[in-house]
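> First the structure, which I've put down as structure tokens, then a few questions once you've had a look.
Residue numbers (the numbering used here): 1226 to 1407.
Here's what the structure looks like:
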């Protein structure tokens, strides 16, 4: 039995694909997963399973639209082991996420797309945005005082955006701490 982090892309975003976390927990427990817990309402789940990460993602992605009314084009499931999430946190760029009073920092998780393919869609505004490639993730930081001038939202126009799910750095670290507790 292994512990996994499940990142659901497209859940409870902009009033679309509403899923109550209690119902999501019940649904996942009904699929036979154990120790299911959720964190905030944006599709963060920690659970235990004997399945591989790939089989886990396929099963949840196939079953979700059967249980909930969802625009399945928006939904993707990304599964990380504790070691993979720990690597995301440990391998961050120097100082990334250390100054939340000055910068808004995000981990942009890539789902089935290579970081070398994803990086060209980012067009950071000098003095406002910074992005760094990671292993399966793009680290993004915006100067809080100038967030309205950020170009991060321009990635939405790319077809690759459907293969990404974004979590704040605070959420990313909290999820690792939750996995440490399991």
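We put the CB at the ideal spot given by N, CA and C, even for glycine.
Touch check for the segment 1380–1399 and the segment 1341–1360: three-plus C-beta pairs under 8 Å?
Contact between the segment 1380–1399 and the segment 1341–1360 is present: 3 or more CB-CB pairs across the two stretches fall below 8 Å.
> Taking only beta-carbon atoms, is residue 1292 less than 8 Å away from chain D?
As a matter of chain content, chain D is missing from the structure shown, which is built from one protein chain.
> Which residue marks the beginning of the alpha helix (DSSP H) containing residue 1335, and which one marks its end?
Your numbering for residue 1335 matches position 110 in the chain shown. That residue, residue 1335, is in no alpha helix (DSSP H); its beta strand (DSSP E) goes 1328–1335.
> Beta-carbon within less than 8 Å of residue 1272's beta-carbon, same chain only, minus the 5 sequence neighbours each way: which residues are those?
Reading the chain shown from its first residue, position 47 is the one you call residue 1272. The answer, listed in chain order, is 1228, 1229, 1231, 1253, 1258, 1259, 1260, 1261, 1262.
> DSSP three-state label for residue 1358, please.
By 1-based counting over the chain shown, the position of residue 1358 is 133. The answer is strand: DSSP assigns residue 1358 an E or B state.
> On the CB-based measure, 16 or more other CB atoms within 10 Å of its CB, does residue 1280 come out buried or exposed?
As a working note, residue 1280 is residue 55 in the chain shown. Burial call: exposed.
> How would you call residue 1366, buried or exposed, if buried means at least 16 neighbouring beta carbons within 10 angstroms?
On the chain shown, position 141 is the one that residue 1366 refers to. Buried, since its Cβ has 16 or more Cβ neighbours within 10 Å.
> So, using beta-carbon positions, are residue 1276 and residue 1284 closer together than 8 Å?
Locating residue 1276 in the chain shown gives position 51, where the first residue counts as 1. Locating residue 1284 in the chain shown gives position 59, where the first residue counts as 1. Their beta carbons are under 8 Å apart, which means residue 1276 touches residue 1284 by this criterion.
> Buried or exposed: which applies to residue 1324, given that a residue is buried once 16 or more other Cβ atoms fall within 10 Å of its Cβ?
As a first step, residue 1324 is located in the chain shown; it is residue number 99 there, counting from the start. Exposed, by the Cβ-count rule.
> Please state whether DSSP places residue 1363 in a helix, a strand or coil.
If you number the chain shown from 1, residue 1363 lands on position 138. Residue 1363: strand per DSSP, three-state reduction.
> With the cut-off set at 8 Å, would you say residue 1391 and residue 1331 are in Cβ contact?
For the purposes of this step, residue 1391 is taken as the residue at position 166 of the chain shown. For the purposes of this step, residue 1331 is taken as the residue at position 106 of the chain shown. Yes, these two residues count as a Cβ contact at 8 Å.
> Measuring alpha carbon to alpha carbon, tell me which of 1233, 1375, 1380 ends up nearest residue 1282.
The sequence position of residue 1282 within the chain shown is 57, counting from 1. 1233 is the residue among 1233, 1375, 1380 whose C-alpha sits nearest the C-alpha of residue 1282.
> Do you know offhand how far residue 1245's Cα is from residue 1289's?
If you number the chain shown from 1, residue 1245 lands on position 20. If you number the chain shown from 1, residue 1289 lands on position 64. Between the alpha carbons of residue 1245 and residue 1289 lies a distance of about 13 Å.
> Given that a residue counts as buried once 16 or more other Cβ atoms are within 10 Å of its Cβ, and exposed if not, what is residue 1405?
As a working note, residue 1405 is residue 180 in the chain shown. By the 10 Å Cβ count, residue 1405 comes out exposed.
> If you follow the beta strand (DSSP E) that residue 1262 is part of, which residue opens it and which one closes it?
Here residue 1262 is taken as the residue at index 37 of the chain shown, counted from 1. Element bounds for residue 1262: 1259–1264.
> Between residue 1354 and residue 1363, what straight-line distance do the alpha-carbon atoms span, to the nearest angstrom?
Numbered from 1 along the chain shown, position 129 holds the residue referred to as residue 1354. Numbered from 1 along the chain shown, position 138 holds the residue referred to as residue 1363. Rounded to whole angstroms, the gap between the alpha carbons of residue 1354 and residue 1363 is 13 Å.
> Report yes if the CB atom of residue 1318 is closer than 8 Å to the CB atom of residue 1340, and no otherwise.
Position 93 of the chain shown holds residue 1318. Position 115 of the chain shown holds residue 1340. The answer is no: Cβ separation not under 8 Å.
> If you reduce the DSSP assignment to three classes, tell me which class residue 1378 lands in.
Locating residue 1378 in the chain shown gives position 153, where the first residue counts as 1. DSSP places residue 1378 in helix when its eight states are reduced to three.
> Does the distance from the C-beta atom of residue 1303 to that of residue 1336 stay below 8 Å?
Working through the chain shown from its first residue, we reach residue 1303 at position 78. Working through the chain shown from its first residue, we reach residue 1336 at position 111. For residue 1303 and residue 1336, yes; Cβs fall inside 8 Å.
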